[in-house]
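All residue numbers for the sequence shown refer to my numbering, where the first residue is 309 and numbers rise by one. All C-beta atoms in this analysis are idealised placements derived from N, C-alpha and C, irrespective of residue type, glycine included.
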Amino acid sequence: MRHQSHDLLAPLPGTARKIHSFHFGPENAVGKIYIQSSLHADELPGMLVAWHLKQRLAELEASGHLRHEIVLVPVANPIGLEQVLMDVPLGRYEMESGQNFNRRFVDLSEEVGNEIEELLTDDPQHNLLLIRTSLRDALARQTASTQLQSQRLVLQRLACDADMVLDLHCDFEAVAHLYTTPQAWPQVEPLARYIGAEASLLATDSGGQSFDECFTLLWWQLKERFGERFEIPLGSFSVTVELRGQGDVNHGLASLDCQALIEYLIRFGAIDGEPMPLPDLPYPATPLAGVEPVATPVGGLLVYSALPGEYLEAGQLIAEIIDPVNDTVTPVHCRNAGLLYARSLRRMATAGMVIAHVAGAEAYRSGYLLSP
């Protein structure tokens, strides 16, 4: 194992932070896997999974079973991890700027495309290496003027040349689910099976330039731009893996999830071995544009009638909103049929608040599809 530390831009003297990366496997390996956890710093199940994974990868490296380089970043957001206000962790948004830690990663597709246009050939392997070199160089030229920008750049530089990027998150209260692209789904489906993803949500561009999409979008956009003239492979695919809810931090689940990732990496060819047979897929993949964010029209006590993992019929009751002053009880129903895969942790709802997400089979939304 090779341990590297990466300095972030210090916002004030004496406040410097680092990101730590752990590199396993052959340094000159042909393949590369990148795994990070807790980019939203109050989402901790992935951090425990990463700790378990770190021990397993060290054992596999020592026994000579690693074929690819595997880069692990167990604490992807030291800025957000320290944001605790009156005993409440605030790890989703940077308090100084209000920006979501998982948005606004730099888009270099146009810059890379302009640089490589005259150098592309009919050889897809040449083009893949050319694009990766150009992307690494473009990221190296980027400069950061804030600590948050420097954190984003460190993570992008670590992951930009990986064949696979796994970003470990969780929701508030949820079943296991994941986000990826339709183009990557054939490669990702085994992961969904191993991890027991009850919802697999697909979108090419959901908006916001999140960490996972800053890689897949670049390759997709270059293929759209040059694909009629040159063979442009999809040189990287990314997955956001949602490891249930924020409270699901225990060794039992983390050990199961770690083993699921190991089995997937064996099947992918990054680890030498014979993978376990693929489990059944709980539910088929569905479009992210088919997700219904269920909002409440009024505020009050939030009392749920449905659990994460339940399949709901159109119009089914999800919750009641109770006003304890005037005794009004407002039912909240889903409009569309689908799997209730995540719901809010809060039990006092405000008017207009999204209280649940239901994954439907038919796409009906457009534009920005992510939560803020």
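query: For G598, is the classification buried or exposed, using 16 other Cβ atoms within 10 angstroms of its Cβ as the cut-off for buried?
result: buried
query: Assuming N435 and L428 make a contact with CB atoms under 8 angstroms, what is their CB distance in whole Å?
result: 5 angstroms
message: Here's the rule I'm using: 16 or more other beta-carbon atoms within 10 Å means buried, otherwise exposed. How should K340 be labelled?
response: buried
message: Checking the sheet assignment: what are the DSSP bridge partners for Q344?
response: V381 and D475
- prompt: By a C-beta neighbour count over all protein chains shown, 10 Å radius and 16 as the cutoff for buried, is V483 buried or exposed?
  reply: buried
task: Excluding the 5 residues preceding and the 5 following A265 in the sequence, name in chain order all residues of the same chain whose CB lies nearer than 8 angstroms to its CB.
output: Past the boundaries of the shown model lies residue 265; the chain is included only from 309 to 680, so the question cannot be answered.
message: Quick check: the stretch 315-331 against the stretch 470-484, are at least 3 beta-carbon pairs closer than 8 angstroms?
response: no
message: Less than 9 angstroms between the beta carbons of L561 and Y502, yes or no?
response: no
query: Do L610 and A659 come within 9 angstroms of each other at the CB atom, strictly closer than that value?
result: no
field: First through last residue of the alpha helix (DSSP H) which encompasses L461
entry: Q455 to A467
query: By DSSP, does H376 sit in helix, in strand, or in coil?
result: coil
query: Among the residues of its own chain, which have a CB less than 6 angstroms from the CB of E402, if the five just before and after it don't count?
result: L456
task: Answer yes if the stretch 550-561 comes into contact with the stretch 435-454, meaning at least three C-beta pairs across the two stretches below 8 angstroms, and no otherwise.
output: no
message: Quick check on Y572: buried or exposed, where buried means 16 or more other Cβ atoms within 10 Å of its Cβ?
response: buried
field: R627 in three-state terms, based on DSSP
entry: The displayed chain sequence assigns Ala, not Arg, to residue 627. Note: A627 maps to strand in three-state DSSP.
- request: Can you tell me the Cβ-Cβ gap for I626 and V602, rounded? I've got them flagged as a contact below 8 angstroms.
  value: 6 angstroms
- prompt: Under three-state DSSP, which class holds N644?
  reply: coil
field: Boundaries of the alpha helix (DSSP H) in which E367 is found, first to last residue
entry: P353 to A370
message: Which of the three DSSP states is assigned to Y572 in this structure?
response: helix
message: Does Y502 come out as helix, strand or coil in the three-state DSSP assignment?
response: helix
query: So, helix, strand or coil for L609, using DSSP?
result: strand
- request: Tell me the start and end of each unbroken alpha helix (DSSP H) in the stretch 528-585 that is at least 4 residues and wholly inside, in chain order.
  value: 559-576
field: Same chain only: Cβ atoms within 8 angstroms of I387, ignoring 5 sequence neighbours per side
entry: L316, R325, A349, E402, F409, Q455, L456 and Q459
query: Where Y649 and P353 are concerned, what is the direct C-alpha to C-alpha distance, given to the nearest angstrom?
result: 17 angstroms
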